[in-house]
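In the numbering used here, the protein residues as written are 79 to 331.
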């Protein structure tokens, strides 16, 4: 498959440490530069000593909008921003390795509060990454409701118009074992279906064995304006569950 990623993206200059890699993202945001997501993820996983093993049931239609929908897997009892980013990183790398797509993936990315608890400035880096990697920023209030909906919808529409893939976590919140989809996932599907364009959802299962990340791309789900969105959302989760170890399936054992 021809690599369709934007050739105008900048690439990193071999940062020797994670700190240097993070700083390059923050500096690029200040300069309003767009960076090559796959290049940076490759460096990130190399520094973290994470190997990626991937499997794919089928390959998406390149002429359809592609939605990559993985479980938001977290290995640690307490979530860290870096741990959350690892799932995004390994799925992006696996999609490239398996030739699922050669297009850029625009991920929904939460905008975080920064300050005294931002050790290593990783939260600040994630906020910068939403801009430099053409991601879709999500900002929520204390009740968990989106408070930047116009900005989010604009970024999503721009990504689709640029023929990017979309990356979204149906569960919304990271967890160790699989949970059901969250309501915003159905709202997202409704927006995509309203565009009346051929669309495929790719449920994706992610888990770790030591330093090895296992990524399994499951059976594709077609989405149209006539789809029953709650059934599509539930099928996304049950398809993810099929390829997870039984201990990680949560209520879907």
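We put the CB at the ideal spot given by N, CA and C, even for glycine.
Keep in mind that this is a model prediction, so the values were computed, not measured.
{"Query": "How about residue 133 and residue 294: are their beta carbons less than 8 angstroms apart?", "Result": "yes"}
{"Query": "Where DSSP assigns a beta bridge to residue 99, which residues make up the other side?", "Result": "Paired residues: none, contrary to the question."}
{"Query": "For residue 251, count neighbouring Cβ atoms within 10 angstroms of its own Cβ and tell me buried if that reaches 16, exposed if not.", "Result": "exposed"}
{"Query": "Inspect the CB distances between the stretch 265-272 and the stretch 297-306 and report whether three or more fall short of 8 angstroms.", "Result": "yes"}
{"Query": "Suppose only complete runs of 3+ residues qualify. What are the beta strand (DSSP E) ranges in the stretch 261-303, listed by chain order?", "Result": "277-287, 290-295 and 299-301"}
{"Query": "Should residue 287 go down as buried or exposed, given a rule of 16 or more other Cβ atoms within 10 Å for buried?", "Result": "exposed"}
{"Query": "CA-CA distance, residue 313 and residue 324?", "Result": "17 angstroms"}
{"Query": "Please name the residue or residues paired with residue 184 in a DSSP beta bridge.", "Result": "244"}
{"Query": "DSSP three-state label for residue 200, please.", "Result": "helix"}
{"Query": "Taking contact to mean 3 or more Cβ pairs, one atom from each stretch, closer than 8 angstroms, check whether the stretch 107-114 and the stretch 235-248 are in contact.", "Result": "no"}
{"Query": "Tell me the DSSP secondary structure of residue 320 in three-state form.", "Result": "helix"}
{"Query": "Note down the Cα distance separating residue 145 from residue 94, rounded to an integer number of angstroms.", "Result": "33 angstroms"}
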